[in-house]
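Asker:
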Amino acid sequence: MKQVLTREMVQKAMDDAKANGKKGTLAALHAALGHRGSMSTLVQLRAELEAAAQPAADSEEGLKAFREVWALAREEGRKQLETALADLKKDVEVLAQENERLDGTVMAAANEADEFKRAKAEMEAGLANLRELLANKQESLLQAGADTRAALERLAEEQAAHQKTRLELAKAIETAHKFEVDLVQSRTMLEAQNGRRAK
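Following this note's numbering, the numbering of the sequence shown begins with 10 at its first residue and continues without gaps.
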């Protein structure tokens, strides 16, 4: 009983012959297959395998339809590309405007930062001047306090000296008054004596 010949067997025999640089004739294939199967089956299987290996011939109608479909696809692709480019252009314009706005914001922030630095420097300079002025005022107040205390001390001394002078003046007035009384008494006595002498 002859072994059934399959497409796989015939395909392998054809591939082996091609790999070995041999022509895949029916006799060579039949011999390579060990004379399995009938020659008519081998012819049929080889024809089927060769037909399957050949690219299908394009008809004129198929090529025309393909060209029409390809042209439509290209036109649709071009429209989509133009739309995408227009959208992209709008996005670029929006981004450019936003970038310009951000540049303005950054510049304004930089100006504000510079103004803040200048104001800070002015405040620090003013604070330093104020501290120096306060230190000078404090020193002046301390000196004025010392001068006031010295003046009060001198005033107290002068008041004490004045009081002493007043006491001395009172004593002098009292002494003068005594002298005056004594003088009056002496005159009275002298006049009395002169009166007696005159009698």
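Idealized CB from N, CA, C, for every residue including glycine.
Check residue 188 in the structure and name its three-state DSSP category.
Answerer: Here residue 188 is taken as the residue at index 179 of the sequence shown, counted from 1. If DSSP states are grouped into helix, strand and coil, residue 188 belongs with the helices.
Asker: Do the CB positions of residue 55 and residue 19 come within less than 8 angstroms of each other?
Answerer: The count along the sequence shown starts at 1 and reaches residue 55 at position 46. The count along the sequence shown starts at 1 and reaches residue 19 at position 10. Against a cut-off of 8 angstroms, the Cβ pair of residue 19 and residue 55 comes out as a contact.
Asker: Residue 51: buried (16+ other C-beta within 10 angstroms of its C-beta) or exposed?
Answerer: In the sequence shown, counting from the first residue as 1, residue 51 sits at position 42. The C-beta of residue 51 has 16 or more other C-beta atoms within 10 Å across all chains shown, which makes the residue buried.
Asker: Would you tell me roughly how many angstroms separate the C-alpha atoms of residue 142 and residue 129, rounded to the nearest one?
Answerer: Locating residue 142 in the sequence shown gives position 133, counting from the first residue. Locating residue 129 in the sequence shown gives position 120, counting from the first residue. Roughly 19 angstroms separates the two Cα atoms.
Asker: Using only the alpha-carbon positions, how far apart do residue 34 and residue 73 sit?
Answerer: The residue you call residue 34 lines up with position 25 of the sequence shown. The residue you call residue 73 lines up with position 64 of the sequence shown. Here the alpha carbon of residue 34 sits roughly 39 angstroms from the alpha carbon of residue 73.
Asker: For residue 199 and residue 174, I'd like the C-alpha separation in whole angstroms.
Answerer: In the sequence shown, residue 199 corresponds to position 190, counting from 1. In the sequence shown, residue 174 corresponds to position 165, counting from 1. Near 36 angstroms, if we compare the C-alpha coordinates of residue 174 and residue 199.
Asker: Distance check for residue 163 and residue 204, CA to CA, integer angstroms please.
Answerer: Locating residue 204 in the sequence shown gives position 195, where the first residue counts as 1. Locating residue 163 in the sequence shown gives position 154, where the first residue counts as 1. Each residue's Cα considered, the two are about 60 angstroms apart.
Asker: Grab the span of the alpha helix (DSSP H) containing residue 50 for me, first residue to last.
Answerer: Taking the sequence shown and counting its residues from 1, the one referred to as residue 50 is at position 41. 48-62 is the extent of the alpha helix (DSSP H) around residue 50.
Asker: Taking C-beta to C-beta, are residue 26 and residue 36 nearer than 8 angstroms?
Answerer: For the purposes of this step, residue 26 is taken as residue 17 along the sequence shown, with counting starting at 1. For the purposes of this step, residue 36 is taken as residue 27 along the sequence shown, with counting starting at 1. No, they are not a contact pair.
Asker: On the CB-based measure, 16 or more other CB atoms within 10 Å of its CB, does residue 23 come out buried or exposed?
Answerer: Indexing the sequence shown from 1 puts residue 23 at position 14. So residue 23 counts as buried.
Asker: What is the rounded straight-line gap between the Cα of residue 137 and the Cα of residue 151?
Answerer: By one-based count along the sequence shown, residue 137 stands at place 128. By one-based count along the sequence shown, residue 151 stands at place 142. Those two C-alpha atoms are separated by around 21 angstroms.
Asker: I believe residue 16 touches residue 58 by the beta-carbon criterion, under 8 angstroms. Please report the beta-carbon distance rounded to the nearest angstrom.
Answerer: Taking the first residue of the sequence shown as position 1, residue 16 is located at position 7. Taking the first residue of the sequence shown as position 1, residue 58 is located at position 49. Confirmed, Cβ separation roughly 7 angstroms.
Asker: When burial is assigned at 16 or more other CB atoms within 10 Å of the CB, is residue 94 buried or exposed?
Answerer: Along the sequence shown, read from residue 1 onward, the residue named residue 94 stands at position 85. By the 10 Å Cβ count, residue 94 comes out exposed.
Asker: Can you tell me whether residue 171 is buried or exposed? The criterion is at least 16 other CB atoms within 10 Å of its CB, across all chains shown.
Answerer: The sequence position of residue 171 within the sequence shown is 162, counting from 1. Exposed, since its Cβ has fewer than 16 Cβ neighbours within 10 Å.
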